[in-house]
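Take the sequence shown: its position 95, counted from the start at 1, is 94 in numbering that gives the first Met the number 0, and no numbers get skipped. For every residue, glycine included, the Cβ atom is placed at its ideal position computed from N, Cα and C. Working notes, structure below.
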Amino acid sequence: MNKPQNRVFSGVQPTGNLHLGNYLGAIRNFVGLQDTHECIYCVVDLHAITAWQDPKELAANTREVAAAYIAAGIDPEKHIIFNQSKVSAHAELAWILNCVARVGWLSRMTQFKDKAGKDREAASVGLYDYPVLMAADILVYRATHVPVGEDQKQHLELSRDIAQKFNNDFAVNGGADFFPLPEPLIMGPATRVMSLRDGTKKMSKSDPSNWSRITLKDTADDIAAKIRKAQTDPDPLPETVEGLEGRAGADNLVGIYAALAGIAKAEVLKEFGGKQFGVFKPALAELAVARLSPITGEMKRMMENDQGYIDATLEKGAERARAIADPVYKRVREIVGFI
Ligand code: AQP
0 MNKPQNRVFS GVQPTGNLHL GNYLGAIRNF VGLQDTHECI YCVVDLHAIT
50 AWQDPKELAA NTREVAAAYI AAGIDPEKHI IFNQSKVSAH AELAWILNCV
100 ARVGWLSRMT QFKDKAGKDR EAASVGLYDY PVLMAADILV YRATHVPVGE
150 DQKQHLELSR DIAQKFNNDF AVNGGADFFP LPEPLIMGPA TRVMSLRDGT
200 KKMSKSDPSN WSRITLKDTA DDIAAKIRKA QTDPDPLPET VEGLEGRAGA
250 DNLVGIYAAL AGIAKAEVLK EFGGKQFGVF KPALAELAVA RLSPITGEMK
300 RMMENDQGYI DATLEKGAER ARAIADPVYK RVREIVGFI
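Set out below in structure tokens:
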């Protein structure tokens, strides 16, 4: 079985409130990899249900992430867009990898600790096992590269550990080197976009405050209002990147500007260093609207008028995904000794 050299896999959960962090930390980077890699982009609905989802909303949110992929510029003819639950090999491989991964490894995952919070006993088993399913998502395509935001780095390291242990455990039956160790691609100046309300907290879908995030459904007015209200401090912007230290809110906005403009933070400060937020925030709002509104407009159009196209794209993508995943899973069955 040939080993792919340049295969990208990544996904986004259809849990609603798709935001600027998901766009800058993940989706925009997905778009940029299309010329150099074979890309597989998934709407990870199996991951979404690790916390209860309203079934009707789950369906709508699944279409919405697919629409975001397409509107952002992923070409579903050249690459693959599909939703995870349509390809059963993800869940089947996850079971085998559950038997490879160690409880001690999963117990160290900080995302589970954060999401389960104080009432860990009440968290779903799926939430605990999430990183093993994520390893299966990647390995079932023998993907070599995984573009993610910084928050997923630990899960990626776990995927590598699981791949390595599988290869070692089953070296006796042709498994040595079977899975490539996937490389994380954590790219650009916005690998961790922070909440607009609290520059020390990650921008996230589940933050109860809608003011904490810019979503891909926001209008130009929403975006401008949220940036205007974003947490900052009374000082003008510094002249250098070092001057952003200890100023989380300012650092976050400068990082967002840099990512949207496609320049380094230092260049943003060359233009805005010494200026007040009263000057910087309207410039940031204008840039954000210019970059996001073509995408949000196209998403809206697809969601209102073209759901048939979204569904057909996911179906066709799943067929193509199965054509890659099923033979890999078949080989895994042989390596493990299933008849
Ligand atoms: N704030 C962020 N900055 C940069 N990248 C981010 N990502 C998420 N938040 C940020 C990246 O987006 C991709 C998809 O994320 P996900 O949908 O799988 O789930 P998540 O990381 O759990 O997203 P949220 O918004 O943070 O949801 P909740 O509130 O449920 O925790 C990933 O590549 C992720 O790194």
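Between which two residues does the beta strand (DSSP E) containing residue i stretch?
i: E37; result: 37-42
i: L184; result: 182-184
i: N251; result: That residue, N251, is in no beta strand (DSSP E); its alpha helix (DSSP H) goes 247-260.
i: H78; result: Taken as a continuous stretch (DSSP letters only), H78 belongs to no beta strand (DSSP E), as it is neither H nor E.
i: A62; result: The sequence given here has Arg at residue 62, not Ala. Per DSSP, R62 belongs to no beta strand (DSSP E); it is in the alpha helix (DSSP H), 54-71.
i: G10; result: 6-11
i: H144; result: 144-146
At which residues does the alpha helix (DSSP H) containing residue i begin and terminate?
i: R319; result: 306-335
i: V139; result: Unbroken run through V139: none, as it is neither H nor E.
i: S158; result: 152-168
i: V267; result: 264-271
i: A31; result: Note that residue 31 is Gly in the sequence shown here, rather than Ala. Start and end: 27-31.
i: V102; result: 102-106
i: H89; result: 88-97
i: F111; result: 109-115
i: R196; result: Element bounds for R196: n/a, residue is neither H nor E.
To the nearest angstrom, report how far apart residue i and residue j are at their CA atoms.
i: W94; j: V64; result: 26 Å
i: P130; j: K269; result: 41 Å
i: G277; j: K225; result: 14 Å
i: T295; j: V171; result: 52 Å
i: I80; j: L126; result: 24 Å
i: I69; j: P75; result: 7 Å
i: G116; j: D150; result: 17 Å
i: I255; j: P188; result: 8 Å
i: F279; j: E266; result: 14 Å
i: K152; j: S158; result: 10 Å
i: Y22; j: I338; result: 43 Å
i: G173; j: P13; result: 37 Å
i: D136; j: H89; result: 5 Å
i: G31; j: V288; result: 20 Å
i: V43; j: L243; result: 36 Å
i: V253; j: V192; result: 10 Å
i: A263; j: N251; result: 13 Å
i: R321; j: D220; result: 42 Å
i: L313; j: P235; result: 48 Å
i: H36; j: A121; result: 41 Å
i: V105; j: I309; result: Looking at the sequence provided, one finds Leu at residue 105 rather than Val. Whole-angstrom Cα-Cα distance: 35 Å.
With a threshold of 7 Å, establish whether the CB of residue i neighbours any heavy atom of the ligand AQP.
i: G24; result: yes
i: R196; result: no
i: A189; result: yes
i: T14; result: yes
i: H89; result: no
i: M340; result: Nothing in the structure corresponds to residue 340, since the chain is present only between 0 and 338.
i: V7; result: no
i: S205; result: yes
i: N60; result: no
i: K201; result: yes
i: Q153; result: no
Flag this pair as yes or no: are the beta carbons of residue i and residue j separated by less than 8 Å?
i: T143; j: Q4; result: yes
i: A229; j: L180; result: no
i: Y40; j: A324; result: no
i: G420; j: T214; result: Look at the range of the chain in this structure, 0 to 338, and you will see that residue 420 is not part of it.
i: A284; j: A247; result: no
i: A66; j: M302; result: yes
i: I26; j: V11; result: yes
i: K274; j: N16; result: no
i: G272; j: E238; result: yes
i: L155; j: V145; result: yes
i: F178; j: I334; result: no
i: R330; j: M0; result: yes
i: L57; j: A50; result: no
i: A134; j: L184; result: no
i: S9; j: L45; result: no
i: F29; j: I73; result: yes
Using only CA atoms, which one of the options lies nearest to residue i?
i: G198; options: T231, D206, I222; result: T231
i: K201; options: V327, P326, D113; result: D113
i: H18; options: E241, D206, A257, R319; result: D206
i: P233; options: R62, T61, A249, F165; result: A249
Please tell me whether residue i has its Cβ less than 8 Å away from any Cβ of chain C.
i: D325; result: Checking the listed chains, one finds no chain C in this structure; it contains a single protein chain.
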